[in-house]
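Data first, discussion second: the structure below is written as structure tokens.
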Amino acid sequence: MTRVANYRDERSGQRGAALLLALWLLLLMSGLIAVFALSARTEGLQASALRQATAARFAAESGIEVAMLHLLTPDPLQRWVADGRPYRFALEGYEVEVAVQDETGKFDLNVVSIAHFSQLLQVLGVELERAEAIAAAVVDWRDGDDLLSLNGAEAPQYAAAELPYAPRNQPFLGVAELQLVLGMDHALYRQVAPFLTVYSGEVQPRPPVAAPEVLQALGLAPEVVAELLALRGAWQPGMPPPVLPDGLALAAEGSGTYSISSRARRTGGTALEVTAVLRAGSGGPFGQLYAPLAWRVGDPD
Numbered sequence: 004m005t006r007v008a009n010y011r012d013e014r015s016g017q018r019g020a021a022l023l024l025a026l027w028l029l030l031l032m033s034g035l036i037a038v039f040a041l042s043a044r045t046e047g048l049q050a051s052a053l054r055q056a057t058a059a060r061f062a063a064e065s066g067i068e069v070a071m072l073h074l075l076t077p078d079p080l081q082r083w084v085a086d087g088r089p090y091r092f093a094l095e096g097y098e099v100e101v102a103v104q105d106e107t108g109k110f111d112l113n114v115v116s117i118a119h120f121s122q123l124l125q126v127l128g129v130e131l132e133r134a135e136a137i138a139a140a141v142v143d144w145r146d147g148d149d150l151l152s153l154n155g156a157e158a159p160q161y162a163a164a165e166l167p168y169a170p171r172n173q174p175f176l177g178v179a180e181l182q183l184v185l186g187m188d189h190a191l192y193r194q195v196a197p198f199l200t201v202y203s204g205e206v207q208p209r210p211p212v213a214a215p216e217v218l219q220a221l222g223l224a225p226e227v228v229a230e231l232l233a234l235r236g237a238w239q240p241g242m243p244p245p246v247l248p249d250g251l252a253l254a255a256e257g258s259g260t261y262s263i264s265s266r267a268r269r270t271g272g273t274a275l276e277v278t279a280v281l282r283a284g285s286g287g288p289f290g291q292l293y294a295p296l297a298w299r300v301g302d303p304d
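In this text, residue positions in the sequence shown follow our numbering: the first is 4, and each later residue adds one.
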């Protein structure tokens with residue numbers, strides 16, 4: 004009887020061990036299934052986010068194409084005005100907002116005077132002393148010599164500020180290069196960059212397409228600025244162009260070089276912005292009627 008009892012106990016122990024092993028295997032399989040399910044869900048969410056971001060990008064880029072189509076059309080009723088006013092349209096569930104700014108409505112970093120650049124900074128809230136110093140440093144950065152402008156900055160001043168570089172003494176290659184100029188910080192750069200270019204070559208901006216801040220920096224009286232903006236705001240393509248306070252007529256035809264920002268936004272969903280500087284003409288790639296000079300893709304602020 005003892006031998007039979009021991010045999011039964013041994014069989015019972017084996018069954019218990021087998022059951023325990025089965026439970027551990029079941030637990031392991033459940034964990035693996037959970038990991039695979041989580042991985043699949045994560046990949047699904049990533050794929051969905053990528054799909055939405057891609058769709059938003061294409062929607063925003065379509066705004067660039069639509070803008071150039073309207074800027075180059077011979078039909079005056081369809082031609083857009085490049086003075087920064089917004090244009091909106093719907094596309095495949097997205098609301099697209101496009102603003103076009105003629106580059107001749109901005110200050111060109113490579114020819115702007117110290118006085119005008121200083122005044123622009125003051126319009127943006129910079130105190131006089133700092134504004135004059137940055138404006139002089141801009142000129143010292145782009146000129147071809149090491150002569151120090153009044154309140155400016157050449158190599159010794161950059162060394163004293165413990166910066167690992169000196170002025171290039173060459174024209175600015177792009178507006179972003181302004182961030183290297185002594186006295187400029189990122190916050191101020193973001194404020195002033197929309198009013199600057201390196202593509203116009205104009206000694207000063209053209210008032211018919213300039214932003215209000217640029218008009219103030221040019222020294223126009225507030226009432227003149229208000230009148231000019233009111234005339235521009237009331238004018239639409241196809242209407243007789245009004246005569247502006249400075250005697251110039253507002254024309255729909257632009258210079259051919261434009262900054263375009265295009266924002267695509269889906270209600271409660273993805274939003275994305277494409278900004279570009281384009282030059283109209285047949286020299287663009289793939290037969291495009293424009294050549295891209297700058298292109299940036301990112302989330303709208």
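From the three backbone atoms N, C-alpha and C, an ideal C-beta is built for every residue, glycine too.
Item, Value
"Could you tell me the boundaries of the beta strand (DSSP E) in which E276 lies?", "274-283"
"From the DSSP secondary-structure annotation, give me the bridge partner or partners of S264.", "A102, T278"
"On the three-state DSSP scale, how would you describe V142?", "helix"
"What's the call for Q104, buried or exposed, on a 16-neighbour Cβ count within 10 Å?", "buried"
"How about E180 and N154: do their beta carbons lie closer than 8 Å?", "no"
"With distances taken Cα to Cα, identify the nearest neighbour of F198 among L176, G259, L232, L127.", "L127"
"Please identify the residue among M32, L151, A21, L94 whose C-alpha is closest to the C-alpha of S65.", "L94"
"Determine the DSSP secondary structure at V7, reduced to helix, strand or coil.", "Interpretation of V7 is limited by its pLDDT of 48, a score under 50 that renders its predicted location unreliable; no figure is taken from the coordinates."
"So the beta strand (DSSP E) L296 belongs to, where does it begin and stop?", "293-301"
"Just verifying my parser: in three-state terms, what is the DSSP assignment at L199?", "strand"
"What is the residue span of the beta strand (DSSP E) that G87 lies within?", "86-94"
"Helix or strand or just coil, what does DSSP make of F39?", "helix"
"Does the beta-carbon of V115 have 16 or more other beta-carbons within 10 angstroms, so that it is buried, or is it exposed?", "buried"
"Quick check on the DSSP output: the alpha helix (DSSP H) that includes L150 runs from which residue to which?", "L150 -> no alpha helix (DSSP H), and no H or E assigned at all."
"Please report the distance separating the alpha-carbon of Q81 from that of M71.", "11 Å"
"DSSP on Y168, reduced to helix/strand/coil?", "coil"
"Nearest CA to the CA of A214: which residue from G222, E226, L232?", "L232"
"What do you reckon, are the CB atoms on E106 and S258 nearer than 8 Å?", "yes"
"Report all residues from its chain with a CB closer than 8 Å to the CB of V228; omit the five preceding and five following residues, and keep chain order.", "P215, L218, Q219"
"Report the three-state DSSP secondary structure of L22 (helix, strand or coil).", "helix"
"Expressed to the nearest angstrom, what Euclidean distance is found between the alpha-carbon atoms of G307 and R88?", "With the chain running from 4 to 304 in the structure shown, residue 307 is simply not present."
"Between which two residues does the alpha helix (DSSP H) holding G236 run?", "225-237"
"Please report the residue range of the alpha helix (DSSP H) in which Q160 lies.", "158-163"
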